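Visitor: Following this message is one structure expressed as structure tokens.
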Amino acid sequence: MNNPVIDLATHLESLLTLVEKPARYLGGELGAIYKDDSKVSLYVCLAFPDLYEVGMSHLGLQLLYELINLNPRMWAERAFLPQSDMEALLRREKLPLFSLETKRALSDFDVVGFSLQYELCATGVVAMLDLGRIPIFSKERSKSNPLVIAGGPLAYQPEPFADFIDAFLIGDAEELLPEFLEVVQKAKAQGNEREDLLKEAAKLSGVYVPSFHKPHLTDNRSEIIHKDKASLPIKRRVLSSLAGAVFPRRPIVPNMQVVHDRLSVEIMRGCLRGCRFCQAGYIYRPQRERPVNEVVKLAEEGLSSSGYEEISLLSLSSADYSGILPLLKRLKKGCAATQDVTISFPSIRVDALREDLLNCAKTAKRAGFTIAPEAGTQRLRNVINKGLSEEQILGGCRRIFEMGWSRLKLYFMIGLPTETDEDLAGIVDLIVKIRSLSGPRRDLSCTISTFVPKPHTPFQWCEQIGEEEIVRRQQLLLGELKNLRVKLRFHDPFSTVIEGVLARGDRRASAVIKRAFELGCRLDAWPDKLQPELWRQAMSEAGLCPHAALKARPLESKLPWEHISTGISKDFLLNEWQRAQTEVTTKDCISGPCSGCQVCVPGALTNLRSPADPTPPAPQLETLQHNAVLLSQQPTPLQNLRLRYQKKGLARFHAHLDLAKIFFRAAKRARLPIAYSNGFNPQPRFSFGPPLQLGIESSFEFVDIALVKALNPKSVLEALNPELPDGICVLEAEELTPGSASIQASLKDQSYEAVLLPQHQTKHALIVTPPQDTSWRTKRILRVRKNKTSEMLWEEALSDFSMKPQRLQFSVRCSPDQPALKPFEVISAATGLDPALFNIHKSNVSWRT
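Start counting the sequence shown at 784; every next residue gets the next number (this note's numbering).
Written as structure tokens, this is what we have:
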């Protein structure tokens, strides 16, 4: 474990020029943690089995990162599943999957911990183990291999992953993970054998070690038996209160666009609404609220350290947070008012859309809203315990439109228990009514997913509809809604089948996962990556029938996950299933009497509301229209500065569009008085020079910024540089005179030097062109723009050109009327070689006079 870090950096740089979005593999983001190896005794890699942009959108990953790195003797790093292009290169070059922070191979860590968030990440887990040079199966690992652990929602149904994972941690990480890692650290210091370490870990409440449990598998029974006849079930660990709980106060800020590119603050964990299809609503009980004062402080610190433009208040049902109104008022009065920040939260229950909440939630920048009726008829909404009437749904939509929102997104499900075509017609009728309320000018979109029965819910015994029936119901809805000007999105039918097979599978499912990986399945949650035929082949070869796997389970049968306890009794789930069949709803514990789920422990664990907010209420907020006027009247810029900056090392792989966000957030963190554009969606007045192709270093990149307060240019430079990522540095700052031309209009030439990389110099030699040779001027070059090919003279595109034995130098003409020739085009045309074989540097620019 933790062998010396292999030298991946040199290899990595040569690979990054060959892959899409190389920023996925760079690391070095603001907030990333680096430690002194001499003071670290336990190395942990947090492995997320999906792409970087998905994993870095997950708050739980950042929380784990913070939680582990608080211990000075432990170092948590991150690794993500690479895209297929990078995986192919790693295999071709015989390089291991690595962490972002130190480029350490996964096999060199003491612990590799997977976050299991959704079933379709299964092949990603196996791929990361294989790429990381860790034996795929737990039984094949020795003392020299890392301990492979897993947590997250799927850990509550661990059996499909049990053959790959050494230990599952069930429950809240804050409560269990530090304790578990202390056991590992002690075992490492004592030189204990792997089996002894796992035995000690298994003594901790909430830890499930699959190798100590034997599955008894039949067609109608999947029972887990402890080899040593120790007590079962494994009880989850629960954090009794969020007050003072660990939370990332300086989050890692990605240097590229990620799925949820904003600051997230968890305001509440757990939900008591009791939607019978929702696994999260059961496994995260009871409902625990973070105090308002603490949320405000976390928001202020997070925004200050990140420079984010948006903050999301996370929970399963944010409107049920008891302090939601005072919280929104304080955030809008403070963070949002002073830092130009948009406040958002996930889907809000439509019955909670009171006018005061809508008043507090709205801003001129936020034009969208999301609600989830889930079902189209009252009967089916009662079955799933949604607790919404059509009157409430339509009334909420009406209020949303009346108060100025221009976009509304709806969520429905098909395939719910007892659903008929009449219920599908109800979806159509409800959408038609909402469309009539919205009017033709507002955007209405609708996502329709397919119900998958999940463990630990009242619907865990239900049948799941198959692929053909999913297609039939989707087509029925599509036919009825296609002329309604509603943007429809359906989940892929086959991906839903795979999700269902794995969601309720037992250990036999591991053979399917392993075979699907071997056949080439990866990133199965991405529609363009899903390969149904390969999954069908994997299931066939493993002897698993998907039709049988989706069937209803007998109520008396042993289920593969019954050895894991959420604290909710099986009798309660059975009773809820029976109530569903008779269309009887169950009130939540906050507004009604205790429902008897038995998750609360008197004196130890119960529902916790946020303490009353001690601050006086903020003044009544202005109307949306008045907010829009205020936002459209931005202060006039008083100063324009031109910054010259460099991109060196791995920073040369940051994309041009990402650079804009990097600089804007750095300026916010530096507290610069940024000027914004006018209008409903103000943007910072930053203007960049021409895009630099990925992989090219430069000390001559430029950006113009406008400020509403005049500052000393040197002080701007000094304030910005500490906030910029490694490899990006402002070298000069000068004040522009009023009316100065833009960078694009002012540039005359951009000069480049391309040098063959040392490993290619013996194989390739460039033709030397003496300085007096001007024959290059009459050569022609092909250029491709938007799938159109054109031809031009080199003299028209280049102002200078020369070649030496291992290098070429050239200057590209710039014109405000048309894009300049790309450096890669020049290198390819001049040498016939792949530009990836060169180290390319922009060496100078000249300006028009």
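Glycine residues also receive a C-beta, built at the ideal position from the N, C-alpha and C atoms.
Keep in mind it's a predicted model, so treat the numbers as computed, not measured.
Rounded to a whole number of angstroms, what is the C-alpha to C-alpha distance between residue 1454 and residue 1301?
Guide: Those two C-alpha atoms are separated by around 51 Å.
Visitor: With C-beta atoms as the reference, is residue 1498 less than 8 Å away from residue 1486?
Guide: No, the Cβ-Cβ distance between residue 1498 and residue 1486 is not below 8 Å.
Visitor: Does the beta carbon of residue 1535 come closer than 8 Å to any beta carbon on chain D?
Guide: As a matter of chain content, chain D is missing from the structure shown, which is built from one protein chain.
Visitor: Pull up the distance between the alpha-carbon of residue 917 and that of residue 987, whole angstroms please.
Guide: Each residue's alpha carbon lies about 25 Å from the other.
Visitor: Near residue 983, which residues of its chain fall below 7 Å by C-beta distance, leaving aside the five closest residues on each side in sequence?
Guide: Taken in chain order, the residues that qualify are 966 and 970.
Visitor: Measuring CA to CA, which of 1278, 894 and 1060 is closest to residue 980?
Guide: Out of 1278, 894 and 1060, 894 has the C-alpha closest to the C-alpha of residue 980.
Visitor: In angstroms with no decimal places, state the Cα-to-Cα distance between residue 1303 and residue 813.
Guide: Approximately 35 Å, taken between the alpha carbons.
Visitor: If you follow the alpha helix (DSSP H) that residue 1190 is part of, which residue opens it and which one closes it?
Guide: First-last for residue 1190: 1190-1197, but that is the beta strand (DSSP E), not the alpha helix (DSSP H).
Visitor: What is the DSSP secondary structure of residue 1358, counted as helix, strand or coil?
Guide: In this structure, residue 1358 counts as helix in the three-state DSSP scheme.
Visitor: Could you give the DSSP three-state label for residue 1051: helix, strand or coil?
Guide: Reduced to three states, the DSSP call for residue 1051 is strand.
Visitor: Cutting at 8 Å between CB atoms, please list the residues of its own chain near residue 876, excluding the five before and the five after it.
Guide: Cβ neighbours of residue 876 beyond the five flanking positions: 794 and 798.
Visitor: Tell me the DSSP secondary structure of residue 1401 in three-state form.
Guide: Reliability fails at residue 1401, whose pLDDT of 41 lies under 50, so the model's placement of it is uncertain and the value that follows must be treated cautiously. Residue state, collapsed to three classes: coil.
Visitor: Less than 8 Å between C-beta atoms, sequence neighbours within five positions excluded: which residues of the same chain meet that for residue 1509?
Guide: Closer than 8 Å at the Cβ level, and outside the excluded window around residue 1509, lie 811, 1432, 1433 and 1434.
Visitor: With H, G and I counted as helix, E and B as strand and the rest as coil, what does DSSP make of residue 1105?
Guide: Correct three-state label for residue 1105: coil.
Visitor: For residue 1038, count the other beta carbons within 10 Å of its own beta carbon; 16 or more makes it buried, fewer makes it exposed. Which is it?
Guide: The residue is buried, with at least 16 neighbouring Cβ atoms inside 10 Å.
Visitor: Nearest to residue 1310 by alpha carbon, out of 1326, 1275 and 1287?
Guide: Among 1326, 1275 and 1287, the Cα nearest to that of residue 1310 is on 1275.
Visitor: Nearest to residue 1174 by CA position, among 1229, 1156, 915 and 961, is which residue?
Guide: With distances taken between Cα atoms, residue 1174 lies closest to 1156.
Visitor: Please report how far the alpha carbon of residue 1612 lies from the alpha carbon of residue 1221, in whole angstroms.
Guide: The straight-line gap from Cα to Cα measures roughly 56 Å.
Visitor: Around the Cβ of residue 1354, are there at least 16 other Cβ atoms within 10 angstroms (buried) or fewer (exposed)?
Guide: So residue 1354 ends up on the exposed side.
Visitor: What beta strand (DSSP E) runs, 3 residues minimum, are completely inside the segment 1432-1520?
Guide: Complete beta strand (DSSP E) runs here, min 3: 1469-1471, 1480-1490 and 1511-1518.
Visitor: Could you tell me which residues DSSP pairs with residue 858 in its beta bridges?
Guide: Beta-bridge pairing links residue 858 to 826.
Visitor: Report the three-state DSSP secondary structure of residue 1234 (helix, strand or coil).
Guide: Reduced to three states, the DSSP call for residue 1234 is coil.
Visitor: Go ahead and pull the three-state DSSP assignment for residue 1147.
Guide: Confidence in residue 1147 is poor, its pLDDT being 45 and thus under 50, which makes the residue's placement unreliable; the coordinate value appears in the next sentence. Three-state result, residue 1147: coil.
Visitor: Return the first residue and the last residue of the beta strand (DSSP E) that residue 1627 is part of.
Guide: Taken as a continuous stretch (DSSP letters only), the beta strand (DSSP E) holding residue 1627 covers 1621-1630.
Visitor: Quick check: the segment 1021-1028 against the segment 919-935, are at least 3 beta-carbon pairs closer than 8 Å?
Guide: At 8 Å Cβ cutoff, the stretches do not touch.
Visitor: Given 8 Å as the limit, is there contact between the segment 1156-1171 and the segment 1098-1115, that is, 3 or more CB pairs closer than that?
Guide: Contact fails: fewer than three Cβ-Cβ distances are below 8 Å.
Visitor: Report all residues from its chain with a CB closer than 6 Å to the CB of residue 1344; omit the five preceding and five following residues, and keep chain order.
Guide: If we look at residue 1344 and ignore the five residues flanking it on each side, its Cβ neighbours are 940 and 1238.
Visitor: Cβ of residue 1060 within 8 Å of Cβ of residue 1242?
Guide: It is a contact, given that the beta carbons lie within the stated cut-off.
Visitor: Can you tell me whether residue 980 is helix, strand or coil according to DSSP?
Guide: The answer is helix: DSSP assigns residue 980 an H, G or I state.
Visitor: In three-state DSSP terms, what is residue 1288?
Guide: Of the three classes helix, strand and coil, the one that applies to residue 1288 here is coil, per DSSP.
Visitor: Would you mind reading off the limits of the alpha helix (DSSP H) that contains residue 1258?
Guide: Segment 1250-1264, the alpha helix (DSSP H) holding residue 1258.
Visitor: Given a threshold of 16 other Cβ atoms within 10 Å of its Cβ, counted over all protein chains shown, does residue 1575 qualify as buried or as exposed?
Guide: It is exposed - the Cβ of residue 1575 has fewer than 16 other Cβ atoms within 10 Å.
Visitor: Have a look at 1080, 1516 and 1058 and flag the residue whose alpha-carbon is nearest the alpha-carbon of residue 1369.
Guide: Residue 1369 has its Cα closest to that of 1058, out of 1080, 1516 and 1058.
Visitor: Identify the continuous beta strand (DSSP E) that holds residue 1528 and give its terminal residues.
Guide: Here residue 1528 belongs to no beta strand (DSSP E); instead the alpha helix (DSSP H) covers 1526-1529.
Visitor: By DSSP, does residue 931 sit in helix, in strand, or in coil?
Guide: Residue 931 falls in the strand class under three-state DSSP.
Visitor: Going by the beta-carbon positions, is the gap between residue 1521 and residue 1468 smaller than 8 Å?
Guide: Result no, Cβ atoms of residue 1521 and residue 1468 do not sit closer than 8 Å.
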